[in-house]
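Asks:
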Amino acid sequence: MSYTAEISRSNPTAFLFLVDQSGSMDDKMSSGRSKAQQVADVLNRTLATLITRCTKSEGTRNYFEIGVIAYGGNGVGNGFQGALGASILHPISAIETSPLKIEERQKKVDDGAGGIISQSIKFPVWFEPQASGGTPMCQAITMAAEELVAWCDSHPNSYPPTVLHITDGESTDGDPEQFASHLRQIQTNDGPVLMFNLHVSTSGAHPIEFPSSESGLPDAYAKLLFRMSSLLPEHLIRFAQEKEFKVGMESRGFMFNADAIQIVDFFDIGTRASQLR
Amino acid sequence: MRVLFTGQVAKDPCYPEENEDSIEYSPENRRFALSDGASESFDSKSWAQMLVRQFVLKPELSKEWLAELIAEYTSQFDRETMTWSKQAAFDRGSFATLLGVEVFPNHDTVKIISIGDSLAVLLDGTEFIDSYPYSGAEEFQQRPQLFCTDPVHNSFLSSSDFYSSHFKQWTISEQQSPTVLCMTDALAEWALRNAQKGEPSWEMLKSINDISQLEELVLTEREKKNMRVDDVSLVIVVFD
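One line per chain: the protein sequences are A and B, in this order. Quick note: the first sequence uses the numbering used here, first residue 183, plus one each step. Quick note: the second sequence uses the numbering used here, first residue 22, plus one each step.
(1) Determine the chain B residues that contact A222(A) at a beta-carbon separation under 7 Å, and present them in chain order.
(2) Cutting at 6 Å between CB atoms, please list the residues of its own chain near F63(B), excluding the five before and the five after it.
(3) Could you list which residues in chain B have their beta carbon closer than 9 Å to that of E426(A), in chain order?
(4) Check whether the Cβ atoms of I390(A) and A362(A) lie closer than 7 Å to each other.
(5) By the DSSP assignment, the alpha helix (DSSP H) with Y184(B) in it spans what residues?
(6) I need the DSSP call for L213(B), collapsed to helix, strand or coil.
(7) If you follow the beta strand (DSSP E) that A196(A) is in, where does it begin and where does it stop?
(8) So is S106(B) in contact with chain A if we call contact Cβ pairs under 7 Å?
(9) Is there at least one Cβ from chain B nearer than 7 Å to I299(A)'s Cβ?
(10) Between which two residues does the beta strand (DSSP E) holding Y253(A) run?
(11) Which class does G267(A) belong to by DSSP, given the choice of helix, strand or coil?
(12) Going by the CB atoms, is the gap between S198(B) and A212(B) shorter than 7 Å?
(13) What whole-angstrom Cβ distance do E41(B) and D252(B) have, given they're in contact under 8 Å?
(14) Which value, in whole angstroms, describes the spacing of the CA atoms of S56(B) and S139(B)?
(15) Which bits of chain A does V173(B) rub up against, with CB to CB less than 7 Å?
(16) Of the residues that make up the segment 225-245 of chain A, which ones have a beta carbon closer than 7 Å to any beta carbon in chain B?
(17) Round the Cβ separation of G264(A) and G316(A) to the nearest angstrom and send it over; I've been treating them as touching at under 8 Å.
(18) Using the beta-carbon of each residue, which ones in chain A are nearer than 7 Å to R113(B)?
(19) Taking all protein chains shown into account, decide if S186(B) is buried (16 or more other Cβ within 10 angstroms of its Cβ) or exposed.
(20) Excluding sequence positions up to five away, which residues of its chain have a Cβ less than 8 Å from the Cβ of A230(A)?
(21) Closer than 8 Å by beta-carbon distance: list the chain A residues that pair up with Q162(B), in chain order.
(22) From what residue to what residue does the alpha helix (DSSP H) around Q367(A) run?
(23) Check each candidate in P400(A), M319(A) and A196(A) and name the one with the smallest Cα separation from G356(A).
(24) Given that K304(A) touches chain B, what residues does it touch there, using C-beta distances under 8 Å?
(25) Mind reading off the beta-carbon distance from P338(A) to N371(A)? Whole number of angstroms is fine, and I expect it under 8 Å.
(26) Tell me the DSSP secondary structure of C169(B) in three-state form.
(27) Could you list which residues in chain B have their beta carbon closer than 9 Å to that of E278(A), in chain order?
(28) Would you please verify whether the beta carbon of D64(B) is less than 7 Å from any beta carbon of chain A?
(29) Which residues of chain B have a Cβ atom closer than 8 Å to the Cβ of I284(A), listed in chain order?
(30) Using beta carbons (cut-off 7 Å, strictly below), is T195(A) in contact with chain B?
(31) Below 7 Å between beta carbons: does that hold for K227(B) and T192(B)?
(32) Under DSSP, the beta strand (DSSP E) around N439(A) begins and ends at which residues?
(33) For M204(B), which residues does DSSP report across the bridge?
(34) How about S280(A): is its Cβ closer than 6 Å to a heavy atom in the ligand FMN?
(35) Please name the residue or residues paired with V30(B) in a DSSP beta bridge.
(36) Look at the alpha carbon of R459(A) and the alpha carbon of L178(B), and state the distance between them as a whole number of angstroms.
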């Protein structure tokens, strides 16, 4: 049975984010923030959450390896900068020690005695919003595939990598479907790579979450992203159901016209690999 | 009441010291407890230890009972000097189950309290009589309520149905040879699944009297992918 490997320090899993930084990502969402800002914010939060899940009192355990591939007007490259810029995938403890900056924010918390107090929290930032140029999606998926072939070869017994692809537009360097199909054929002994696609939008149209067929999707582009997406494994179906999404065995890891709230849910569900140990 | 066996097998043979289960018993108080610290927690090992130690000393659970423990847990750490990730993990909290057993010999009863998915099983000889809180292996797919060091997650303790939904009483005088087995979720799920398949393991579990037997069972069943890889704890108590 696929997607059942326990995740441990000797058998970590990988999350690879593919982030569209084309010019249209500068468009404003209903929140007043650009799509690029919204995605960067949620990506930073997601990285912090993944690190928090791996952190014990003695330090951060390397249950995950993380990478970001960004594509846009500057071509395709590493989404991380600084110490993390030398390679795509990094053990999560390396991500933990190398944010670009750490911001101080205030959070309201329960004081445990019926009151609310303000508490200072540290918010690390690894990823800054960028938006320019075209959408070289095929090149980005090719780079992801090259990384993950090598990763799966060196981690044959691991829970397979998950690719979370965030885009707002159509590919400008060809049809990405075949590239995505090849990416999803890369595998470990625990199953093939999972590819989940998130379409972010500034339109007011109703979002479509985890559809189970392409018949109800509004256009050819939505149908293409649907076909590029993996079926949700059983444990992610359960997790999505806990978040009250209507999902079944045929649901795919795809959201169309996602707004700010759906972006958060997409990242949260997509990074819930199986049990850590 | 005689504790025949207590034993633990860590989830990762390379890191036995990282076992996050905890067992405590007090023969003079006729109480014992088991707690399974959650993997995704800042320091669930010490939280699990505190829960079982507190239960065998003071078994009456209340908001104050838990607040006292949380204060003790929190006092171990200096949040302000932590790195950003430790601070975030500390704020997220530590989570653990609590399975507490108290024996009342005058009434021939055993009272069980259960928060989470650690399991108590009542046997008569080697025959299965009852289990609590779950009766089927499929129930382990649920996300269980756990005691947390962040009070926000413990509101269920104040709900009006807390006692009816977390307590169970067994009258052991109804059994000729009563035995209570307590175990954490991976072993419990495996044992209930075997029973559902008509291949009960109760006699074999009850016969364990040495840690090497438990280790052999757990490692063999993990290898065959019949048992999830997780910390395993087992307590066997008989009533002569």
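Note that the Cβ used here is the ideal one computed from N, Cα and C, for glycine as well.
Replies: Quick look at the numbers:
(1) Contacts between A222(A) and chain B, judged by CB atoms closer than 7 Å, are missing: the closest CB pair is about 18 Å apart.
(2) Excluding positions up to five away in sequence, the list reads A110, F111 and S115.
(3) Within 9 Å Cβ-Cβ: nothing; E426(A) doesn't reach chain B, min ~14 Å.
(4) With respect to the 7 Å criterion, I390(A) and A362(A) are not classified as neighbours on the basis of their beta carbons.
(5) Unbroken alpha helix (DSSP H) run through Y184(B): F183 to H187.
(6) Helix at L213(B).
(7) Residues T195 to Q203.
(8) Interface residue, yes.
(9) By this cut-off, I299(A) is not an interface position.
(10) Its beta strand (DSSP E) spans residues F246 to G254.
(11) In the three-state scheme derived from DSSP, where H, G and I count as helix and E and B as strand, G267(A) is classed as helix.
(12) In this structure, the beta-carbon distance from A212(B) to S198(B) does not fall below 7 Å.
(13) Rounded to the nearest angstrom, the Cβ distance from E41(B) to D252(B) is 6 Å, consistent with a contact under 8 Å.
(14) Between S56(B) and S139(B), the C-alpha separation is close to 7 Å.
(15) Chain A residues near V173(B): D292.
(16) Residues A230, I233, T234, R235, T237, K238, S239 and T242.
(17) Going by Cβ atoms, the distance from G264(A) to G316(A) rounds to 26 Å, so no, they are not a contact pair.
(18) Correct list: T234.
(19) Flag for S186(B) reads exposed.
(20) These residues qualify, in order along the chain: F305 and P306.
(21) Within chain A, the residues placing a beta-carbon under 8 Å from that of Q162(B) are R420, ordered along the chain.
(22) Here Q367(A) belongs to no alpha helix (DSSP H), and DSSP marks it neither H nor E.
(23) Answer by Cα proximity: M319(A).
(24) Under the 8 Å cutoff, chain B gives W105, Q108 and A109.
(25) Indeed they touch by this definition, with Cβ atoms about 5 Å apart.
(26) Strand at C169(B).
(27) Those are T104, W105 and S106, listed as they occur along chain B.
(28) Residue-level contact by beta carbon holds for D64(B) and chain A, with a gap shorter than 7 Å.
(29) Within chain B, the residues near I284(A) are W105.
(30) Cβ-Cβ to chain B under 7 Å: no for T195(A).
(31) Not in contact: K227(B) and T192(B) (Cβ atoms no closer than 7 Å).
(32) First-last of the beta strand (DSSP E) with N439(A): F436 to A440.
(33) Answer is L140(B) and L255(B).
(34) Ligands displayed in this structure: none; no statement on the ligand FMN is therefore possible.
(35) DSSP lists V253(B) as partners of V30(B).
(36) Low per-residue confidence applies at R459(A): pLDDT is 48, beneath 50, and the placement is therefore not dependable, though the value from the model is reported in the following sentence. Each residue's alpha carbon lies about 28 Å from the other.
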